[in-house]
């Protein structure tokens, strides 16, 4: 009995240490960087094949430099084609910098790294665990996707680099996402953030290239967060909503503060529509969402389950006029832990394109009835209660 009590005490102390370590790490996180308004032209990609075709073409046409960060780079056929293109450009004298998250790309092999460096590609991992906040740095993942090519073209969105984005994943099948090619003014803002992250990774600092670019037809701004400021940004947008809020996300674990703000919006008569996938790419994620979805459903929110494969898009729309997209999921990990890259879009033809695509995605999804959560299995109810204890870190 004494051994059991001692083991429980050690477990309690360990959990307390982890909690305090992460709390202190969050307090010391970098300040959010919000860019000025810029004007550029947008193209949207919802299929991985179309995105990769555009990206690979831009890489092949590059003349000066290529900066890329993906949260995940797989060791598969499409990833090796991508790496091969970067090697070719580096051999041609183009400056190529590639980074990826150490945890996200845990399958990135040493042989792949050696191959890149041999060709002249500069490579770095993000998110190295460090003291004194070892548990916080393990959790503080670089979830950004940042691509800048020759200072004139940038990419932001939900796709990573891997065959699952080509609908080749055996378990999830079709992969639906939102990713954007941004051509024109503003690429320097993404380049600046890439180089700040590069300095954090390597200690090496480099100046941002000077670019004088033509303005496009869409007003937008970037927001780069490091575990601070994003929750407040969402709360501000929710408070400003007067008619409607649309949330499309693969994960829905908003936490109490943001859920309370959404419930306040419902009291003001704001309609709320939420789109999440029927099946998740991670275990227990959908059960962790149940308490929040149940409460919002009870207060009149419309909740839809995407059933045409896996939905991985990240879109937050207010009154059909403004859109926040990029890499943020609608969960506490995104709001308080991860490094994220966000694009807030305020006008231009891309707004209508996004709204039309969202309508299509809702149309092929199933709206859940008011009785949905009353009919959950005993197993799902048990998982919901159990996973809620650690849902902040999912």
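Numbering (full-length UniProt numbering), first residue to last: 1 to 394. Idealized CB from N, CA, C, for every residue including glycine.
Worksheet item: In terms of residue numbering, what span does the alpha helix (DSSP H) encompassing residue 79 cover?
Response: 77-91 is the span of the alpha helix (DSSP H), which, as asked, contains residue 79.
Worksheet entry | Whole-angstrom distance between residue 183 and residue 167, CA atom to CA atom | So the two alpha carbons sit approximately 27 Å from each other.
Worksheet entry | Segment contact flag, the stretch 208-217 with the stretch 289-301, C-beta cutoff 8 Å, min 3 pairs | Per the Cβ contact rule, the stretch 208-217 is not in contact with the stretch 289-301 (fewer than 3 Cβ pairs under 8 Å).
Discussion item. For residue 253 and residue 330, I'd like the C-alpha separation in whole angstroms.
Written reply: Taking the CA atoms as reference points, residue 253 sits about 6 Å from residue 330.
Worksheet entry | Environment of residue 141 [buried if 16+ CB atoms lie within 10 Å] | Buried is the call here.
Discussion item. So, under 8 Å CB-CB, residue 99 and residue 126 are touching, yes? Tell me the CB distance rounded to an integer number of Å.
Written reply: Between residue 99 and residue 126 a beta carbon distance of about 5 Å is seen, short of the 8 Å cut, so the two are scored as contacting.
Worksheet item: Based on Cα-Cα distance, which residue from 145, 238, 123, 236 lies nearest to residue 201?
Response: Measuring from the Cα of residue 201, the nearest candidate turns out to be 123.
Discussion item. So the candidates are 236, 308, 117, 350; which of them puts its Cα closest to the Cα of residue 366?
Written reply: Measuring from the Cα of residue 366, the nearest candidate turns out to be 308.
Worksheet item: Does the distance from the CB of residue 334 to the CB of residue 144 come in under 9 Å?
Response: No; because the gap between Cβ atoms is not below 9 Å, this pair is not in contact.
Worksheet item: When we look at the beta-carbon of residue 162 and count the other beta-carbons within 10 Å, is it buried (16 or more) or exposed?
Response: Counting every other CB atom within 10 Å of its CB across the protein chains shown gives residue 162 a total of 16 or more, marking it as buried.
Item to complete: Go through the stretch 157-234 residue by residue and report every complete run of the alpha helix (DSSP H) that reaches 4 residues or more, in order.
Response: Listed in chain order, they are 187-202.
Item to complete: Give the DSSP-derived three-state secondary structure of residue 281 in the structure shown.
Response: Residue 281 sits in coil when the DSSP states are folded into three classes, being neither helix nor strand.
Worksheet item: Considering only C-alpha positions, which residue in the set 242, 73, 345, 106 is nearest to residue 223?
Response: A check of alpha carbon separations from residue 223 across 242, 73, 345, 106 identifies 345 as the nearest.
Practice prompt. List the residues that DSSP assigns as beta-bridge partners of residue 341.
Written response: The beta-bridge partner set that DSSP reports for residue 341 consists of 224.
Worksheet item: Should residue 363 go down as buried or exposed, given a rule of 16 or more other Cβ atoms within 10 Å for buried?
Response: By the beta-carbon neighbour count (other beta carbons within 10 angstroms, threshold 16), residue 363 is exposed.
Item to complete: Take every Cβ of the stretch 300-316, pair it with every Cβ of the stretch 264-283, and state whether three or more of those distances are shorter than 8 Å.
Response: The answer is yes - the stretch 264-283 touches the stretch 300-316, with three or more Cβ pairs under 8 Å.
Item to complete: Kindly indicate which residue of 343, 338, 368, 299 has the alpha-carbon position closest to the one of residue 190.
Response: Among 343, 338, 368, 299, the Cα nearest to that of residue 190 belongs to 343.
Discussion item. What does DSSP give as the partner residue(s) for residue 59 in the beta ladder?
Written reply: Residue 59 pairs with nothing; no bridge assigned.
Worksheet item: Which one or two residues does DSSP pair with residue 98 in a beta bridge?
Response: Answer by DSSP bridge pairing, in chain order: 68, 123.
Discussion item. For residue 305, report the span of its beta strand (DSSP E) as first-last.
Written reply: First-last of the beta strand (DSSP E) with residue 305: 302-306.
Worksheet entry | Reference residue 273; option with closest CA among 58, 129, 84, 368 | Checked all of 58, 129, 84, 368; the closest Cα to residue 273 is 368.
Worksheet item: Does the beta-carbon of residue 395 have 16 or more other beta-carbons within 10 angstroms, so that it is buried, or is it exposed?
Response: Past the boundaries of the shown model lies residue 395; the chain is included only from 1 to 394, so the question cannot be answered.
Worksheet item: Alpha carbon to alpha carbon, what distance is there between residue 247 and residue 318?
Response: Taking C-alpha positions only, residue 318 is separated from residue 247 by approximately 9 Å.
Worksheet item: Where residue 59 and residue 85 are concerned, what is the direct C-alpha to C-alpha distance, given to the nearest angstrom?
Response: Between residue 59 and residue 85, the C-alpha separation is close to 7 Å.
Fill in: Element boundaries [alpha helix (DSSP H), containing residue 42]
No alpha helix (DSSP H) contains residue 42, which is instead part of the beta strand (DSSP E) from 38-45.
Worksheet entry | Residues near residue 34 by beta carbon distance below 6 Å, same chain, minus five either side | Scanning its chain for C-beta atoms nearer than 6 Å, with the 5 sequence neighbours on each side dropped, one finds around residue 34 the residues 223, in chain order.
Worksheet item: Are the stretch 194-208 and the stretch 293-303 in contact at 8 Å, needing three or more beta carbon pairs?
Response: Pairwise C-beta distances place the stretch 194-208 out of contact with the stretch 293-303, as fewer than three of them are shorter than 8 Å.
Discussion item. Tell me the rounded alpha-carbon separation between residue 83 and residue 377.
Written reply: Straight across, the Cα-Cα distance linking residue 83 with residue 377 is about 45 Å.
Item to complete: Kindly provide the ranges of any beta strand (DSSP E) runs that are 3 or more residues long and lie completely inside the stretch 336-380, ordered along the chain.
Response: DSSP runs (the beta strand (DSSP E)) wholly in the stretch 336-380: 339-345.
Worksheet item: In its own chain, which residues sit with a C-beta less than 7 Å from the C-beta of residue 178, not counting the 5 before and 5 after it?
Response: Around residue 178: 44, 46, 157, 158, 313, 314, 315, 325.
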